[in-house]
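Going letter by letter, the sequence shown gives residues 1 to 392 in the working numbering.
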Amino acid sequence: MPISGRYAAEGQYSLWGALAVVNWINDRGGLDCGGKKVRVRLVYRDSESKLELAQSLTESLVTRDKVHFLLSPYGSDLAIGVSPIAEKYGVLMVVVGAASDRIFQQGFKYVVGVAAVASQYMWSVLDMAKAVDPNVKTVGILYRDSEFNRMVAEGAKTHAEKLGLRVVVYEPYPATPKDLTPQILKVKAANPDVLIVASHFADGQLAIRQMAEQKVDAKLIALSVAPLVPEFYDALKNLAECVVGPSHWEPPVRYTPELARQKGVEWFGPTAEEFAQYFKRVSRELGGKEIEPGYHAAWAAKGVLAILYGVYKAADVDSAKVLSELGKARFMTFFSEFKLDPATNVNVAHSMVAIQWQNGERVVIWPSEVATAKLRYPSLTWDEKSAGKVCK
């Protein structure tokens, strides 16, 4: 897991989410495996966000540490790079924190996804914009030139055009940008109704700051990944107000044992409240302060739970047997339901929600049936005195 380097923030939260579930399982005596309780051990190394190091560490985990299963590293480029190693050794790898469609287009048997793929990330945001404002006509798309973000951008462009929207800017920026002014000026000139930035944490912050400098107006601004990192608001303060983002999971989105019973599916793992309690404990012990979990943490936790559910059902740690059980499984965790598409090995029972920062809080705004607040739209004006964003 990249707990240093360019993916450090997201990788760290992913690691803590996985540890939270492992601790929850072990505090209950371990996992039931064929009538015997067995403890779970999470073995992890820091790939420093480097592909070659991630590959060598993955091979070492399999051949030297003799792990039974793998969680992918955060980041689609890293996950794609280590997938052939999992396949080579026949070790089941659950993909967490990586969503490039290409990961699941290689025909790998032992690589499994538990969340939506990258091309679907902005669908909920675009659907919401169209539903809230039938007069929306134009979309601008900027994207970090990396595996995951290219897929997000391509999927957003395709879906926007499907909805009858015109894409007036479609512009990449460097993978490690220092200045996005040229791209942002193109957006300002095109003046789209909706602006999408396919980003990660650091470049997402840079994009918002430089949009503020250039006073870019849009009815709605949506970023992938960055708004879902807890430090996003701490870093940007009022500039983060009204920013929208797609999320795999938010604490208010309640999947519960009661809902599982109503739907006739099995419940597995901690409740959302229990997960948050364990995550905050891990964040306090390893990070020095107690924070609420976001979707990066919950996604990694779901990866652990998918593996352990398969072990529980197979009563075995053999990857082929566990994979066979997951292929016919239908169950629910605090993160979402789980049902694999046999053609892609991706969980097709999972869907995205949309969030917005409002008054310093991250609230769920879409879909309406799980929303905790209404979308603030049009989303911004500019205060000439402070050059700050004011949420309407």
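By construction, the Cβ of each residue, glycine as well, lies at the ideal position given by its N, Cα and C atoms. Just so it is clear, the structure is predicted and the values come from calculations on it, not from any experiment.
Self-check item: Inter-residue spacing [alpha-carbon to alpha-carbon] between proline 367 and leucine 375
Solution: Translated into positions along the sequence shown, residue 367 becomes position 367. Translated into positions along the sequence shown, residue 375 becomes position 375. Straight-line Cα distance between these residues: approximately 11 Å.
Quiz item: In whole angstroms, what is the alpha-carbon distance linking proline 293 and leucine 15?
Solution: The residue labelled residue 293 in the question sits at position 293 within the sequence shown. The residue labelled residue 15 in the question sits at position 15 within the sequence shown. Cα to Cα, the separation comes out at about 11 Å.
Quiz item: Considering only residues of the same chain and omitting the five flanking positions on each side of alanine 9, which have a CB-CB separation below 6 Å?
Solution: Position 9 of the sequence shown, counted from the first residue, corresponds to residue 9. Phe201, Val229, listed in sequence order.
Quiz item: Is it a yes or a no for the segment 186-206 touching the segment 143-152, going by three-plus beta-carbon pairs under 8 Å?
Solution: yes
Quiz prompt | DSSP-derived helix/strand/coil call for asparagine 238 | solution = Stepping through the sequence shown from its first residue, residue 238 is reached at position 238. Of the three classes helix, strand and coil, the one that applies to asparagine 238 here is helix, per DSSP.
Quiz item: What is the DSSP secondary structure of alanine 387, reduced to helix, strand or coil?
Solution: Sequence index remark: in the sequence shown, residue 387 carries index 387 (1-based). No answer about alanine 387 holds up, because its pLDDT of 48 lies below 50 and its placement is not dependable.
Quiz prompt | Sheet register partners of proline 172 (DSSP bridge) | solution = Taking the sequence shown and counting its residues from 1, the one referred to as residue 172 is at position 172. Tyr143.
Quiz item: When DSSP labels each residue in this structure, what does leucine 57 get in the three-state scheme?
Solution: For the purposes of this step, residue 57 is taken as residue 57 along the sequence shown, with counting starting at 1. Leucine 57: helix per DSSP, three-state reduction.
Exercise. Report all residues from its chain with a CB closer than 6 Å to the CB of valine 169; omit the five preceding and five following residues, and keep chain order.
Key: Taking the sequence shown and counting its residues from 1, one reaches residue 169 at position 169. Cβ within range, chain order: Gly140, Lys186, Val187, Ala190.
Quiz item: Which residues in the same chain have their Cβ closer than 7 Å to the Cβ of tyrosine 110, if we skip the five residues on either side of it in sequence?
Solution: If you number the sequence shown from 1, residue 110 lands on position 110. Within the same chain, tyrosine 110 has close Cβ partners Ala86, Glu87, Gly90, Val91, Leu92, Met93, Ser319, Leu323.
Practice problem: Go ahead and label glutamate 241 buried or exposed: buried means 16 or more other beta carbons lie within 10 angstroms of its beta carbon, across all protein chains shown. | Solution: For the purposes of this step, residue 241 is taken as residue 241 along the sequence shown, with counting starting at 1. When all chains shown are included, glutamate 241 counts as buried.
Self-check item: Supposed close pair leucine 223, valine 197 - CB separation, criterion 8 Å
Solution: The residue labelled residue 223 in the question sits at position 223 within the sequence shown. The residue labelled residue 197 in the question sits at position 197 within the sequence shown. About 5 Å separates the two Cβ atoms, so the contact holds.
Quiz item: Among Glu154, Leu142, Ala175, Val225, which has the Cα closest to the Cα of isoleucine 184?
Solution: The residue labelled residue 184 in the question sits at position 184 within the sequence shown. The residue with the shortest Cα to Cα distance from isoleucine 184 is Leu142.
Quiz item: Excluding sequence positions up to five away, which residues of its chain have a Cβ less than 8 Å from the Cβ of arginine 102?
Solution: Residue 102 sits at position 102 when you count from the first residue of the sequence shown. For arginine 102, where only same-chain residues beyond five positions count, the Cβ hits under 8 Å are Ser76, Ile80, Glu147, Met151.
Self-check item: the segment 155-169 contacting the segment 232-249, beta-carbon criterion three pairs below 8 Å
Solution: Contact between the segment 155-169 and the segment 232-249 is absent, because fewer than three Cβ pairs lie under 8 Å.
Practice problem: Name the residue from Ser60, Ser56, Leu19, Leu53 whose alpha carbon lies nearest to the alpha carbon of valine 40. | Solution: Residue numbering aside, residue 40 sits at position 40 when the sequence shown is read from its first letter. With distances taken between Cα atoms, valine 40 lies closest to Leu19.
Self-check item: Nearest-angstrom Cα separation, counted from tyrosine 312 out to glycine 29
Solution: Taking the first residue of the sequence shown as position 1, residue 29 is located at position 29. Taking the first residue of the sequence shown as position 1, residue 312 is located at position 312. Those two C-alpha atoms are separated by around 14 Å.
Exercise. Using alpha carbons as the reference points, say which of Leu51, Asn26, Glu48, Gly35 lies closest to leucine 42.
Key: As a working mapping, residue 42 is identified with position 42 in the sequence shown. Looking at the Cα atoms, Asn26 is the closest of the given residues.
Exercise. Work out the CA separation of phenylalanine 331 and tryptophan 267 for me, nearest whole Å.
Key: Here residue 267 corresponds to residue number 267 of the sequence shown, with the count starting at 1. Here residue 331 corresponds to residue number 331 of the sequence shown, with the count starting at 1. If I take the Cα positions, the gap works out to 6 Å.
Self-check item: Cut-off 6 Å between Cβ atoms - residues of its own chain near lysine 321, not counting five sequence neighbours on either side
Solution: As a position in the sequence shown, residue 321 is number 321, starting the count at 1. Result list for lysine 321: Ala314, in chain order.
Quiz item: If you check the beta carbons only, do alanine 175 and arginine 144 fall under 8 Å apart?
Solution: On the sequence shown, residue 175 is found 175 positions in, with the first residue counted as 1. On the sequence shown, residue 144 is found 144 positions in, with the first residue counted as 1. It is a contact, given that the beta carbons lie within the stated cut-off.
Quiz item: Considering only the beta carbon of each residue, do proline 73 and methionine 1 sit closer than 8 Å?
Solution: Start at 1 with the first residue of the sequence shown, and residue 73 comes out as number 73. Start at 1 with the first residue of the sequence shown, and residue 1 comes out as number 1. Their beta carbons are under 8 Å apart, which means proline 73 touches methionine 1 by this criterion.
Quiz item: Going by C-alpha distance, which of Gly5, Val95, Lys162 is nearest alanine 297?
Solution: What you label residue 297 is simply residue 297 of the sequence shown in a count that begins at 1. Looking from the CA of alanine 297, the closest CA among Gly5, Val95, Lys162 belongs to Val95.
Quiz item: Quick one: does threonine 372 have its CB under 8 Å from some CB of chain C?
Solution: No chain C is present in this structure, which holds just one protein chain.
Quiz item: With a Cβ-Cβ cutoff of 8 Å, do valine 346 and phenylalanine 104 count as a contact?
Solution: What you label residue 346 is simply residue 346 of the sequence shown in a count that begins at 1. What you label residue 104 is simply residue 104 of the sequence shown in a count that begins at 1. Closer than 8 Å, so yes.
Exercise. Please look up how many angstroms separate the CB atoms of serine 83 and aspartate 46, rounded, as I've assumed it's under 8 Å.
Key: As a working note, residue 83 is residue 83 in the sequence shown. As a working note, residue 46 is residue 46 in the sequence shown. Not really, about 19 Å apart at Cβ, beyond 8 Å.
Quiz item: In the segment 36-87, which residue ranges form an unbroken alpha helix (DSSP H) of at least 4 residues, counting only runs that do not cross its ends?
Solution: 51-63
Exercise. Please confirm whether valine 21 and glycine 269 have their CB atoms less than 8 Å apart.
Key: Residue 21 sits at position 21 when you count from the first residue of the sequence shown. Residue 269 sits at position 269 when you count from the first residue of the sequence shown. The answer is yes: Cβ separation under 8 Å.
Quiz item: Going by DSSP, which residues form a beta bridge with leucine 195?
Solution: For this step, residue 195 is matched to residue 195 along the sequence shown. Looking at the DSSP assignment, leucine 195 forms a beta bridge with Gly140, Ile221.
Quiz item: So, are the CB atoms of leucine 126 and leucine 163 less than 8 Å apart?
Solution: In the sequence shown, counting from the first residue as 1, residue 126 sits at position 126. In the sequence shown, counting from the first residue as 1, residue 163 sits at position 163. Against a cut-off of 8 Å, the Cβ pair of leucine 163 and leucine 126 comes out as a contact.
Exercise. Pick out whichever of Asp341, Gly97, Ser60 has its Cα sitting closest to the Cα of serine 247.
Key: Stepping through the sequence shown from its first residue, residue 247 is reached at position 247. Nearest C-alpha to serine 247: Gly97.
Quiz item: Count the other CB atoms within 10 Å of the CB of serine 386; is the residue buried (16 or more) or exposed (fewer)?
Solution: Walking along the sequence shown from the start, residue 386 turns up at place 386. Interpretation of serine 386 is limited by its pLDDT of 46, a score under 50 that renders its predicted location unreliable; the figure taken from the coordinates is listed afterwards. Under this definition serine 386 is an exposed residue.
Quiz item: In whole angstroms, what separates the C-alpha of glutamine 356 from that of alanine 226?
Solution: Within the sequence shown, residue 356 is the residue found at index 356, counting from 1. Within the sequence shown, residue 226 is the residue found at index 226, counting from 1. Cα to Cα, the separation comes out at about 12 Å.
Exercise. Please say whether tyrosine 377 and glycine 132 have beta carbons closer to each other than 8 Å?
Key: For the purposes of this step, residue 132 is taken as the residue at position 132 of the sequence shown. For the purposes of this step, residue 377 is taken as the residue at position 377 of the sequence shown. For the record, residue 132 in the displayed sequence is valine; it is not glycine. In contact: valine 132 and tyrosine 377 (Cβ atoms closer than 8 Å).
Self-check item: Beta-ladder partner(s) of methionine 93, from DSSP
Solution: As a position in the sequence shown, residue 93 is number 93, starting the count at 1. BP columns for methionine 93 point to Leu70, Val111.
Practice problem: Tell me where the alpha helix (DSSP H) around glutamine 12 begins and ends. | Solution: Counted from its first residue, the sequence shown places residue 12 at position 12. Run containing glutamine 12: 8-27, per the alpha helix (DSSP H) assignment.
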